[in-house]
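Below: one structure, written as structure tokens.
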Amino acid sequence: MDKQINKEKIKISIGCDHAGFDVALEIIDFLNSLGYDVDNQGCYSSESVDYPEFGHKVGIQVANGHADKGIVVCGSGIGISIAANKVKGIRAALCFTKEHAEMSRRHNDSNILALGARMKGGDKILDIVNIWLETKFEGDRHQRRIERIEMI
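Okay, so the sequence shown: first residue is 44 according to our numbering, each after it adds one.
What follows is the structure in structure tokens.
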């Protein structure tokens, strides 16, 4: 019998820039509907802001253990993922498909999901979020590789 995850105890920090604002609100509503504890690090409107601030905030929350996982969103997902990855211990994965999301968790134990609000041609964002949250890290040989990354 599968052990049921208590989603209310899992805290997810979320951050975005102005380009990701509407998508971030959609993700927050989705996470709340599933029972996750959501910590919104901003931004709080569609007024122009700089994504590094919000990627860094989420990275700090996850790295310091104030959140279990993080989600960051900007126009392409690229800049905000780079900003989050500047924080020691963060493995932010930019995912455009459910397969990216699954593999980023299974093999890389990604602790932040990065998304591009303006990107077309990938899977639906909420499907990507759901797969990323539900997929478990496989450990074993992949743990050794993560440890090597952390040593760099």
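Quick reminder that beta carbons are idealized off the backbone N, C-alpha and C, glycines included.
Looking at the DSSP output, I55 sits in a beta bridge with V81 and K112.
Taking 8 Å as the cut-off, the Cβ atoms of V101 and V115 count as close.
For G63, no alpha helix (DSSP H) run applies, since DSSP gives it neither H nor E. Annotation for G98: the continuous alpha helix (DSSP H) segment containing it runs Y94 to A106. Scanning its chain for C-beta atoms nearer than 7 Å, with the 5 sequence neighbours on each side dropped, one finds around G58 the residues Q84, G85, F97, G98, K100, V101 and V115, in chain order.
Under DSSP, L68 takes part in no beta bridge, so it has no partner. Burial state of S147 is buried, judged by a 10 Å Cβ sphere holding 16 or more other Cβ atoms. The alpha-carbon of S88 is positioned some 42 Å away from that of D183. The continuous stretches of alpha helix (DSSP H) do not include I133, and DSSP gives it neither H nor E.
When secondary structure is reduced to three states using DSSP, I155 falls in the strand class. Within the same chain, and ignoring the five residues on either side of A135 in sequence, the residues whose Cβ sits closer than 6 Å to its Cβ are S124, A127, N128, I155 and A157. Of all C-beta pairs linking the stretch 158-165 to the stretch 178-192, fewer than three are shorter than 8 Å, placing the two stretches out of contact. Each of N173, L137 and Q104 was checked against the Cα of S153, and the nearest Cα belongs to L137. Leaving aside the five residues that flank V66 on each side, the residues in its chain whose CB is nearer than 8 Å to its CB run, in chain order, C59, V116, L158, A160 and I168.
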